[in-house]
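Student: Shown below is the structure under consideration.
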Amino acid sequence: MLLFTLKKWFFDMWDSILKLLLLNALSITVLVLPFSLPGWMAGAGLPPAFGLGVFAVGILVMLFLFAGVVHTTWLSAEYQPWGGSEFFRGAKSKLGISILFVLSNAVVFLLLRNAVPFYLGMENMPGYAAVAVLFWVGVFWVMTAQYFFPIHCRMGDGFLKTWKKSLLVALDNPGFSLFLFILLTAAVIVSELTAYMFPGIFGVVLLLQGAGQLRLKKYDYLEENPDAKASRIPWRAVLQDDRRKVGKRTLKGMFFPWKE
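So, in structure tokens, the structure goes:
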């Protein structure tokens with residue numbers, strides 16, 4: 001299950017490599033401009049309102065791109081082709097939930113960012129203990145957030161209901177959630193080393209979508225087999241269709257598919 005999750009992620013990225021690079025480049029550009037242009041405009045003597053307007057529009061465009069990435073990575077994880085029209089259609093439908101997701105994570109991040117220095121500044125054991133607790137709260141929050149979009153894209157639930165289901169899935173799958181968290185951390189580090197071009201935002205979200213899609217099949221199996229034990233899922237049989245769709249790949253076939 002774990003190795004196949006990694007394999008599927010890699011080949012899902014490979015199958016969408018040009019789209020991945022394009023969307024990552026667009027995301028970087030849109031993210032940089034709102035933070036750089038206002039300063040340039042202020043230096044040029046333009047009113048601050050112009051800079052604020054550029055910043056607000058840039059953030060909104062970034063959220064729109066993120067919503068499109070959420071939708072199209074789910075399609076890629078489901079082995080479905082997509083193009084520009086599907087991207088924009090998905091961005092419109094996922095924009096609201098994406099904004100709420102980003103805002104909720106931003107609030108948690110800001111709370112932790114302010115709380116950790118405060119407790120460290122106490123310079124005593126209770127303060128250090130509080131920092132340790134906050135660290136694991138942050139880790140568990142991320143482990144829960146990993147399932148948010150896979151669950152939403154599959155079930156179409158609202159914001160709060162999706163968070164509730166994400167929490168239940170994270171609690172029910174601690175080992176896999178930790179594995180996915182480690183993989184996510186590695187993907188973010190590699191993204192930083194490649195200036196967020198690879199795997200970048202598209203690859204990171206694709207990782208979560210693909211891994212979530214595979215893990216949620218556990219509950220399909222348990223629903224179809226009510227007497228089965230949740231701790232003994234026959235993953236090879238459950239993921240048989242996914243293994244067939246991913247197929248056996250070779251380096252020759254990856255770079256020269258017409259020669260296979």
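Numbering (full-length UniProt numbering), first residue to last: 1 to 260. For every residue, glycine included, the Cβ atom is placed at its ideal position computed from N, Cα and C. Just so you know, these numbers come straight off a predicted model, no measurement behind them.
(1) Out of curiosity, what's the CA-to-CA distance linking serine 191 and phenylalanine 202?
(2) What separation, rounded to the nearest whole angstrom, lies between the Cα atoms of isoleucine 99 and alanine 145?
(3) Could you tell me if methionine 122 is buried or exposed, where buried requires 16 or more neighbouring beta carbons within 10 angstroms of its beta carbon?
(4) For tyrosine 196, count neighbouring C-beta atoms within 10 Å of its own C-beta (all shown protein chains included) and say buried if the count is 16 or more, exposed if not.
(5) Secondary structure at glutamine 209, three-state DSSP: helix, strand or coil?
(6) Within this structure, are the beta carbons of leucine 206 and tryptophan 9 separated by less than 8 Å?
(7) Please give the ranges of any alpha helix (DSSP H) in the region 131-218, keeping only runs that are unbroken, at least 4 residues long and fully inside the region.
(8) Am I right that valine 116 and tyrosine 147 are in contact with their C-beta atoms under 8 Å? What's the rounded C-beta distance?
(9) Quick one: residues in its chain with C-beta nearer than 7 Å to the C-beta of lysine 7, no 5 flanking neighbours on either side, listed in chain order?
(10) Buried or exposed for glutamine 213, going by 16 or more other Cβ atoms inside 10 Å?
(11) Inspect the beta-carbon positions of asparagine 173 and arginine 215 and report whether they are closer than 8 Å.
(12) Closest by CA to valine 188, which one among Pro81, Pro199, Leu208 and Tyr79?
(13) Kindly give me the distance between the Cβ atoms of leucine 239 and phenylalanine 4, rounded to whole angstroms, as I take these residues to be in contact under 8 Å.
(14) Touching or not, the region 32-47 and the region 57-72, by the rule of three or more beta carbon pairs under 8 Å?
(15) Spell out a yes or no on whether the region 12-31 and the region 42-51 are touching, meaning 3 or more CB-CB pairs, one atom from each, closer than 8 Å.
(16) Which term fits proline 234, buried or exposed, when burial requires 16 or more other beta carbons within 10 angstroms of its beta carbon?
(17) Just checking my contact of valine 70 with lysine 94 at CB under 8 Å: how many whole Å lie between their CB atoms?
(18) Is the distance from the Cβ of alanine 228 to the Cβ of tyrosine 219 below 8 Å?
Tutor: In short:
(1) 10 Å
(2) In a straight line, the C-alpha of isoleucine 99 is about 14 Å away from that of alanine 145.
(3) exposed
(4) buried
(5) helix
(6) yes
(7) 148-155, 159-172 and 174-193
(8) Valine 116 to tyrosine 147, Cβ: 25 Å. No contact.
(9) Within the same chain, Cβ atoms closer than 7 Å to the Cβ of lysine 7 are found at Val246, the five residues on either side in sequence being excluded.
(10) buried
(11) Their beta carbons are under 8 Å apart, which means asparagine 173 touches arginine 215 by this criterion.
(12) Pro199
(13) 6 Å
(14) These segments touch.
(15) no
(16) exposed
(17) About 5 Å separates the two Cβ atoms, so the contact holds.
(18) no
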